[in-house]
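To get our numbering, take the position in the sequence shown, counting from 1, and add 1. Everything on this sheet refers to the single structure shown next.
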Amino acid sequence: MVVDFEIFLQRLFDSGILAEQNLNAVEEAKTRHQNVESFIQDLIESKLLTKFQAEQIIAGKGESLAFGKYIIQEKLGAGGMGQVYKAYHPEAAKLVAIKVILPQGKFDTESVKRFEREVKASEKLVHPNIIAVLDSGSSKGSLFMVMELIEGKDLFELINEKGKLAIKEAVAYIIQAARALEHAHSNGVIHRDVKPANLIADSQGLLKIVDMGLAKIQAGENEDKISMLTTNTAIMGSADFMSPEQTVSTKNVDTRTDIYSLGASFYFLLTAKVMYPQKATFSKLISHRQAPISSLKFMRPDVSQKLDDIYTKMVAKKVGDRYQSMTELILDLEALGKESGTQDLLKQGAALNPFQVNGVNFLDLDDNSIKPKKSAGMFSNRKIAWFCAGLLVLVGLLFVILFIPKNTMVKNDINNTNDAQDAFLEPPFDFNQAQEEQQSLAKTLGLAVETTVDLGRGVNLAMILIPQGKFIMGSPLSEPGHKDDELQHQVVFSRPYFIGKYEATQEQWEAVMGDNPSQTKGAKLPVTNISWNDCQNFISKLNAKTESNYRFPTEAEWEFACRSGAKSAYSVGDKITKNDANYENVKGGAKPVGSYKPNAFGLYDMHGNVWEFCSDWYGAYAAGKSIDPMGVNNGRDHVLRGGSFFVDGLLLRSSTRDLVAPDFHNVVIGLRLAKTN
């Protein structure tokens, strides 16, 4: 600490932050110390100075601590256009938060008037869930706004510290935020930057929304509709939580932009992840407009269907499909909480709790009890299923003992002997081993490893033989990008199958359907902008045309084929590069199929290019070993695999799962066929 004792004292007195009654205490403290370091430490311990104040004085910036009638004590944070401080109001003997708006050049008279008009609008927003604006003004070339001081943490900081929230807690926070925004909207204020960092919660669970003074004011006829702060500076919203319409124009938005951003914040509270995790800001903005909605159930299988439906409506791409007001959203959330008789939402006989909003007790929302209704039925039938399974195994064992010669290897029944299990291909295996196994199997079956069928006009469809095998499906907790729905479990295939060498192309689709729905045209480009239902229609017509039995691959078949012997995150190892696959390529889009090297089974573009449909309904994996799994019996969404040109590398992992409704179509979604011979 290089500052002279007398220089520090002079700077301290010149700063103007010392109350008159503290001057004598400072002089007395001076007599107790021989060096400035111990003197400053004494002042801090005696609460005559804060550490921040001492640092500013040492740096020669003591005069900045007196801001109008407020004394700056600590720096609380900083943003794109200003800084927030904890300050003391000597006359009122009250601690406040003061936001200093840093000028982007010189403010003119009209700019100051606009700011004052905006502050006045914020001062009208008196609500228990909105930070109160107490004062405003200008000092030392900067504008400032004084707000009530809340001792708490913003929800972004809270999630970073403790991880995803319990459902009860997240819902309570979202209802409080919705009530605050409902009040703001009724007073003509649109926030436009709703995000977890702007939601502050105290230790009692009370939430307050901040930065209402930086919002868009729906002004009268003779007033500017966009404030100076949002026109001349960078307050345009945050990319991770911005509505689709706001990514196009910050100016032309209405209250429903806040509903979307609150929904994106809800997703973050429940998953500790943003909806679209791409690194590039541009990619995030495009995703909000075009990418499939990131389902809560993808990350949190314990979320009820009704709550997932509420979230999905909040973040609908089209404003007309969203909740039309915060009031509608609040009513649905409160109705959900009041359904105490619904077994899959609330526990019976719940206790009172601090997370109570308008009489709705959200402590009852138990994460472990929130399951789709069908799960209760599944559980009740499980004992019967185990009994039947045990009976079948007993009969099978008796058959083996009585009728099968002891020296015979039964390859088609994987459960009888260890030798039989050894006949199945099991990772890890390399390129050469995969090729040898495919060729050996093809020879045994009297088939070719690669088969092609002519669809007419020189258009061929190539399929690759995949041997029967077993592998560990899903990903370990330690894998970067791992998600909760990637539970590792053993999968066994009792028979071989075929899968498309390439993603289905536009020329193949056109040869069967007579049209091409893809936006970007190219014969060898993957067909896109197709829904699961569209693909089902295509497959039906393809089978009629070829007299065959093409189908979607199951999710397990897809992952086994993708891994092609690898236990790592990708078939190429634990890392993937732009030389291995097409991803993070929004401008370039999809590439012609076969543009990258094949995997060990001879399959192209299993990672990236376009997402690929699977036959399965999306659902939690069954624990334990699965034989020829087909997924859950029913559901709302179908599984997507493989990632696309639009997403970052972590979403290309062999175990990554996404999901969309059967009628959803998009430029990033395509198809890869499968077939059982």
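Virtual Cβ for every residue (Gly too), placed ideally from N, Cα, C.
For residue j and residue i, believed in contact at Cβ under 8 Å, the rounded distance
| i | j | result |
| --- | --- | --- |
| LEU442 | TYR571 | LEU442 to TYR571, Cβ: 25 Å. No contact. |
| GLY574 | PRO428 | Contact flag wrong, Cβ pair sits at about 13 Å. |
| GLY590 | GLU613 | The pair is not a contact, with the Cβ atoms about 16 Å apart (cut-off 8 Å). |
| HIS490 | GLY470 | Rounded, the Cβ-Cβ distance is 15 Å, inconsistent with contact. |
| ASP241 | ALA265 | 7 Å |
| LYS165 | THR272 | 6 Å |
| ILE18 | ILE72 | 5 Å |
| PRO468 | LEU426 | 5 Å |
| ASN667 | PRO129 | Going by Cβ atoms, the distance from ASN667 to PRO129 rounds to 41 Å, so no, they are not a contact pair. |
| MET148 | LEU156 | 18 Å between Cβ atoms; not a contact. |
| GLN57 | SER65 | 6 Å |
| PHE145 | ILE191 | Not confirmed; about 23 Å, so no contact. |
| SER519 | ASN530 | 5 Å |
Residue i, DSSP secondary structure in three states
| i | result |
| --- | --- |
| ASN583 | strand |
| PRO197 | helix |
| PHE14 | helix |
| ASP259 | helix |
| LEU270 | helix |
| THR529 | coil |
| GLU504 | coil |
| ASN678 | coil |
| PHE242 | helix |
| LYS31 | helix |
| ASP490 | In the sequence as presented, Asp is not what sits at residue 490; that position holds His. Reduced to three states, the DSSP call for HIS490 is strand. |
| LEU660 | strand |
| LYS522 | coil |
| GLY153 | strand |
| GLY609 | strand |
| ASP333 | helix |
| VAL1 | Nothing can be reported for residue 1, as the shown portion of the chain is limited to 2 through 678. |
| GLY78 | strand |
| PHE9 | helix |
Extent of the continuous beta strand (DSSP E) run through residue i
| i | result |
| --- | --- |
| ARG642 | 639-642 |
| ASN461 | 460-467 |
| THR453 | 451-457 |
| LEU135 | 134-140 |
| THR146 | Checking the displayed sequence, the identity of residue 146 turns out to be Met instead of Thr. Run containing MET146: 143-149, per the beta strand (DSSP E) assignment. |
| ILE58 | Run containing ILE58: none in the beta strand (DSSP E); it sits in the alpha helix (DSSP H), 52-59. |
| PHE614 | 612-618 |
| LEU208 | 208-210 |
Given residue i as reference, the closest of the options once Cα atoms are compared
| i | options | result |
| --- | --- | --- |
| SER296 | GLN57, LEU286, ASP15, TYR312 | TYR312 |
| PHE472 | GLU437, GLU560, PRO481, ILE465 | GLU560 |
| ASP659 | GLY625, ASN634, ALA621 | ALA621 |
| CYS615 | LYS626, SER532, LEU150 | SER532 |
| GLU508 | GLY523, PHE494, ILE500 | GLY523 |
| LEU651 | PHE665, PHE553, LYS280, GLU511 | LYS280 |
| LYS579 | ASN678, VAL320, HIS608 | HIS608 |
| LYS141 | ALA93, PHE68, LEU159 | PHE68 |
| LYS484 | THR51, SER139, LEU263, SER656 | SER656 |
| VAL492 | LEU334, THR555, PHE145, GLN537 | THR555 |
| ILE131 | GLU92, SER139, LEU200 | LEU200 |
| VAL316 | PRO302, GLN306, TYR261, ILE287 | TYR261 |
| LYS546 | TRP510, GLU558, LEU13 | TRP510 |
| ALA435 | ALA562, GLY206, GLY63 | ALA562 |
| GLY138 | GLY515, ASP310, VAL120 | VAL120 |
| VAL4 | GLY61, SER16, TYR619 | GLY61 |
Start and end residues, alpha helix (DSSP H) containing residue i
| i | result |
| --- | --- |
| ASP43 | 37-46 |
| ASN635 | Counting along the chain, ASN635 falls outside any alpha helix (DSSP H), and DSSP gives it neither H nor E. |
| VAL101 | Note, VAL101: premise wrong, no alpha helix (DSSP H); beta strand (DSSP E) at 95-102. |
| PHE561 | 556-564 |
| MET315 | 306-315 |
| ILE473 | That residue, ILE473, is in no alpha helix (DSSP H); its beta strand (DSSP E) goes 471-474. |
| LYS163 | 156-163 |
| MET300 | 297-300 |
| PHE283 | 282-291 |
| LYS252 | No alpha helix (DSSP H) holds LYS252; DSSP gives it neither H nor E. |
Neighbour flag for residue i against chain C, beta carbons, 8 Å
| i | result |
| --- | --- |
| SER326 | Absent here is chain C; the protein component of the structure consists of one chain. |
Short Cβ contact (8 Å threshold) for residue i with residue j
| i | j | result |
| --- | --- | --- |
| VAL513 | LYS542 | yes |
| GLY671 | VAL460 | no |
| ASP486 | PHE299 | yes |
| SER495 | ASP629 | yes |
| VAL611 | THR506 | no |
| TYR605 | ASP581 | no |
| ILE540 | PHE499 | no |
| THR258 | SER326 | no |
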